[in-house]
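Protein chains: 2
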Amino acid sequence: MNSPQQILFSNDIPASLGALLSDMEPAGVFVVTDTNVERIVLPGLGLDCPVIAIPPGDSHKDLSSLSAVWERLVELGANRRSVIVNIGGGVVTDLGGFAAATFKRGLRFVNVPTTLLSAVDAAVGGKTGINFCGLKNEVGAFAPAAGVVISASTFSTLPPAELLSGYAEMIKHALLSSAEDYAGILAFSPLEGDEDRLLGLLSSSVNVKRRIVAEDPSERGLRRALNLGHTVGHAFESLALAGRSPLPHGHAVAAGLVAELVMSHLHKGFPTSLIYPLRDFIKDNGYMLPAFSCDDYPRLLALMSHDKKNEKAGSINFTLLSAPGEASIDCNFGPDEVSPALDIYRDLME
Amino acid sequence: MNSPQQILFSNDIPASLGALLSDMEPAGVFVVTDTNVERIVLPGLGLDCPVIAIPPGDSHKDLSSLSAVWERLVELGANRRSVIVNIGGGVVTDLGGFAAATFKRGLRFVNVPTTLLSAVDAAVGGKTGINFCGLKNEVGAFAPAAGVVISASTFSTLPPAELLSGYAEMIKHALLSSAEDYAGILAFSPLEGDEDRLLGLLSSSVNVKRRIVAEDPSERGLRRALNLGHTVGHAFESLALAGRSPLPHGHAVAAGLVAELVMSHLHKGFPTSLIYPLRDFIKDNGYMLPAFSCDDYPRLLALMSHDKKNEKAGSINFTLLSAPGEASIDCNFGPDEVSPALDIYRDLME
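Same order as they appear, the protein sequences are chains A and B. In this text, residue positions in the first sequence follow our numbering: the first is 1, and each later residue adds one. In this text, residue positions in the second sequence follow our numbering: the first is 1001, and each later residue adds one.
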């Protein structure tokens, strides 16, 4: 499990996957995917190996699907020298990675993310797992994929809202990287359909995450910087879900990034001149935005204080920036100190 | 997960466990055990923390018990800074260790083995897991306990057959260590009830395993030496189970050790003068022995070739010794080459 992870960026999945697998000399290859990806993506890849398909969607990222994957691996005779190839979005790479990491105490696995969100977020970094008792990723393991093939070639079948969702995480990585990366990411739109340029940006973006994860694989310190935008973003997401008008994860994160850049401005001097371009990007590309008024503040602030990243009761934990690339983790504030940023966020986005 | 493992040898469990836990500064402590140990051992430990008890026995080392432990951890509010203390035999340390290693992607855990077999074998080395689809330890993880308290003070309630079972693994470790350790281990009997001397021998024995595991944590090479006695031992165990007269694991291993020392003599020159003392020890202490005749050879040899440690079809993989402390792993033989050793084993044991 401790060999270095190989990440290939390529719009030719079959060639890259073939190269990765032939280096690994597997005793057998087994694909884990979902039934949508099996129908839409797999025929184009020309793979010749057994396929284990789970039902699509986050509600199936559960113990019952996990147990079904383990059972099929037993039936198919997978052994310690077999390799699992997870092809799909975050549900497939998280669940398939966990199944591989625990079958016979650990098979090697390769991830082939087919959505922008999983390419930029879920496929690298070694977090695997399932939802349990209604809690997201409550059970899992830190287990890095032996290899990852990152490609933009499967994105053409994705709806625009899903591309925008994944792109929000790329904006976050650019903010954690440098002013140049941040300007570069806002100068492109994933809706343009330029797979080659998108792949280039993805490559920089994934490498930002990879550097951070390499310094802190089990999330004890620096890796929390990746939580940028997510303290407020998760609260927006939960509020929308409770109001029965769900907001896709990355859309909530995009709005959360604006709110946390406002916090960064108020407490760390992040320049406002770098907040407007993000606001404009979000509006121009048609991101879905959270609907809330000041009546919702108590609820939103309570959601933020209950986030699992908080270790101090009653306070809210943020990653803030003094400038792009200059992050401070573990900035703690009381709910009263967060309300003004929500006011400014609403002014900005109106 | 990568901090060094602390192993304390002590016949005062409460003091040692208290010292281990206070070093770890846990946000909360949760005990995983089985209902027998809960009734017999826990009252004497004076612990003041929530207890999660699974039903006793290997048949409950399954997904349903694992899921029940995860559920209780959710209900009890365990978080990433909590510590799980597994108190029990190998079923509890294997399952509780796996539950801890996967809850919220990994809590720290401490093992307190209460049987001789788990003290010498299951509590050190980082193998955790459950049985799945009728296969032993089919699902699990390599996850070392942060700490282990090894004590002989709980053994007085164990039946003699169980003490002998655990002692067979200590004989194996002594054979892998040195002629002195081998002579020392045969000069004592676990049935004598001398807890302090047993603890001293346990300490040497566990350290033999620890050294081997440290050099090969994920069982790619050297660690297979720990399979000594188990190729034939597992076959004896399975044959007895199929004949509905189950043989406890360590009793099968003791017989397996004799058979594999005979193989070692035939192929590596292991001195016969060092086989007789083991034969005498087994007979004098009343180990249960496998009942078989030459009619059972085909079945026994087939069981050996299907052992999961075999990677070459049709051949049988052994660890053999040229002398105590001098092991060769991956010695492969065809079934025909193993039959003569079974003949000699039967002559010796009659």
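Beta carbons are placed, not taken as given, at the ideal position from N, Cα and C, and that holds for glycine. On a predicted model such as this, the values are computed, not experimentally measured, just so you know.
Any 3 or more C-beta pairs closer than 8 Å across the region 1323–1338 of chain B and the region 1258–1271 of chain B: yes
Shorter than 7 Å from the beta carbon of A:R223 to some beta carbon of chain B? Here residue 223 of chain A corresponds to residue number 223 of the first sequence, with the count starting at 1. No, A:R223 lies away from the interface with chain B (no Cβ there is under 7 Å from its Cβ).
Tell me whether the beta-carbon of A:P160 lies closer than 7 Å to the beta-carbon of A:V83. Along the first sequence, read from residue 1 onward, the residue named residue 160 of chain A stands at position 160. Along the first sequence, read from residue 1 onward, the residue named residue 83 of chain A stands at position 83. Taking 7 Å as the Cβ cut-off, A:P160 and A:V83 do not qualify as a contacting pair.
Listed by chain order, chain B residues near A:A141 by CB distance under 8 Å: Position 141 of the first sequence, counted from the start, is the residue given in the question as residue 141 of chain A. Chain B residues near A:A141: A1101, T1102, R1105, G1106 and A1141.
Run of the alpha helix (DSSP H) containing B:S1033, from where it starts to where it stops: Mapped onto the second sequence, residue 1033 of chain B falls at position 33. For the record, residue 1033 of chain B in the displayed sequence is Thr; it is not Ser. B:T1033 -> not in any alpha helix (DSSP H); beta strand (DSSP E) instead, spanning V1029 to D1034.
Who are the near neighbours of A:S178 in its chain, counting only those whose CB is closer than 6 Å to its CB and skipping five residues on each side? Translated into positions along the first sequence, residue 178 of chain A becomes position 178. So the qualifying residues of the chain are P324 and G325.
How big is the Cα-Cα spacing for A:N131 and A:F281? The sequence position of residue 131 of chain A within the first sequence is 131, counting from 1. The sequence position of residue 281 of chain A within the first sequence is 281, counting from 1. So the alpha carbons of these two residues sit roughly 33 Å apart.
DSSP-derived helix/strand/coil call for B:P1113: Here residue 1113 of chain B is taken as the residue at index 113 of the second sequence, counted from 1. Here B:P1113 sits in strand by DSSP.
Listing by chain order, which chain B residues have their CB less than 8 Å from the CB of A:V74? Start at 1 with the first residue of the first sequence, and residue 74 of chain A comes out as number 74. Taking a Cβ-Cβ threshold of 8 Å, the residues of chain B close to A:V74 are F1132, C1133, L1135 and E1138, in chain order.
Quick one: list the residues of chain A neighbouring B:L1063, beta-carbon separation under 9 Å, in chain order. Mapped onto the second sequence, residue 1063 of chain B falls at position 63. For B:L1063, the neighbours in chain A by C-beta distance under 9 Å run, in chain order, L63, S67 and W70.
Beta-carbon proximity check, B:T1114 vs B:G1088, cutoff 7 Å: By one-based count along the second sequence, residue 1114 of chain B stands at place 114. By one-based count along the second sequence, residue 1088 of chain B stands at place 88. Yes.
Straight-line CA distance for A:H230 to A:V124? Residue 230 of chain A sits at position 230 when you count from the first residue of the first sequence. Residue 124 of chain A sits at position 124 when you count from the first residue of the first sequence. Straight-line Cα distance between these residues: approximately 18 Å.
Kindly list, in the order they appear in chain B, the residues whose Cβ is closer than 7 Å to that of A:G129. Locating residue 129 of chain A in the first sequence gives position 129, where the first residue counts as 1. R1105, listed in chain order.
Taking 7 Å as the cut-off, decide whether the C-beta atoms of A:I13 and A:L42 are in contact. Residue numbering aside, residue 13 of chain A sits at position 13 when the first sequence is read from its first letter. Residue numbering aside, residue 42 of chain A sits at position 42 when the first sequence is read from its first letter. No, the Cβ-Cβ distance between A:I13 and A:L42 is not below 7 Å.
Can you tell which of A:V85, A:Y167 and A:M304 has its C-alpha closest to the C-alpha of A:G286? The count along the first sequence starts at 1 and reaches residue 286 of chain A at position 286. Of the candidates A:V85, A:Y167 and A:M304, the one whose C-alpha sits nearest the C-alpha of A:G286 is A:Y167.
Taking A:F270 as the reference, give the member of A:T319, A:S156, A:L63 and A:M349 with the closest Cα. Taking the first residue of the first sequence as position 1, residue 270 of chain A is located at position 270. Per the C-alpha coordinates, the member of A:T319, A:S156, A:L63 and A:M349 positioned closest to A:F270 is A:T319.
Check the C-beta distance from A:A141 over to A:F103 and give it rounded, since I have them as a contact under 8 Å. Along the first sequence, one-based indexing puts residue 141 of chain A at 141. Along the first sequence, one-based indexing puts residue 103 of chain A at 103. Rounded, the Cβ-Cβ distance is 12 Å, inconsistent with contact.
Pop quiz: A:V232 and A:L17 are said to be a contact at Cβ under 8 Å. What is the actual Cβ separation, rounded to whole angstroms? The residue labelled residue 232 of chain A in the question sits at position 232 within the first sequence. The residue labelled residue 17 of chain A in the question sits at position 17 within the first sequence. Between A:V232 and A:L17 a beta carbon distance of about 38 Å is seen, past the 8 Å cut, so the two are scored as non-contacting.
Assuming A:L202 contacts A:A119 (C-beta within less than 8 Å), just tell me the rounded distance between them. Position 202 of the first sequence, counted from the start, is the residue given in the question as residue 202 of chain A. Position 119 of the first sequence, counted from the start, is the residue given in the question as residue 119 of chain A. Right, the Cβ-Cβ distance comes to about 6 Å (below 8 Å), so this counts as a contact.
Can you tell me whether A:S16 is helix, strand or coil according to DSSP? As a first step, residue 16 of chain A must be located in the first sequence, where it is residue number 16. Note: A:S16 maps to helix in three-state DSSP.
Where do the N-terminal and C-terminal ends of the alpha helix (DSSP H) with B:F1281 fall, by residue? As a position in the second sequence, residue 1281 of chain B is number 281, starting the count at 1. Note, B:F1281: alpha helix (DSSP H), Y1276 to N1285.
Please work out which residues of its chain come closer than 6 Å, Cβ to Cβ, to A:A252, disregarding the five sequence neighbours upstream and downstream, and give them in chain order. Mapped onto the first sequence, residue 252 of chain A falls at position 252. Close CB contacts of A:A252 within its chain, under the 6 Å cut and outside five residues either way in sequence, are with G233, F236 and E237 (chain order).
Looking at B:A1078 and B:F1009, is the spacing between their C-beta atoms short of 7 Å? Residue numbering aside, residue 1009 of chain B sits at position 9 when the second sequence is read from its first letter. Residue numbering aside, residue 1078 of chain B sits at position 78 when the second sequence is read from its first letter. No.
Distance check for A:R244 and B:V1208, CA to CA, integer angstroms please. Here the question's residue 1208 of chain B lines up with position 208 in the second sequence. Here the question's residue 244 of chain A lines up with position 244 in the first sequence. Their backbone Cα atoms lie some 60 Å apart in a straight line.
Could you spell out where the beta strand (DSSP E) holding A:N332 opens and where it closes? If you number the first sequence from 1, residue 332 of chain A lands on position 332. Note, A:N332: beta strand (DSSP E), E326 to F333.
Helix, strand or coil at B:K1104 according to DSSP, with G and I counted as helix: Numbered from 1 along the second sequence, position 104 holds the residue referred to as residue 1104 of chain B. Residue state, collapsed to three classes: coil.
Along the chain, where does the alpha helix (DSSP H) that runs through A:T231 open and close? Along the first sequence, one-based indexing puts residue 231 of chain A at 231. H230 to A242 is the span of the alpha helix (DSSP H), which, as asked, contains A:T231.
Return the CA-CA distance between B:A968 and B:L1021, expressed in angstroms with no decimal places. An answer regarding residue 968 of chain B cannot be provided, because it is not within the stretch 1001 to 1350 covered by chain B.
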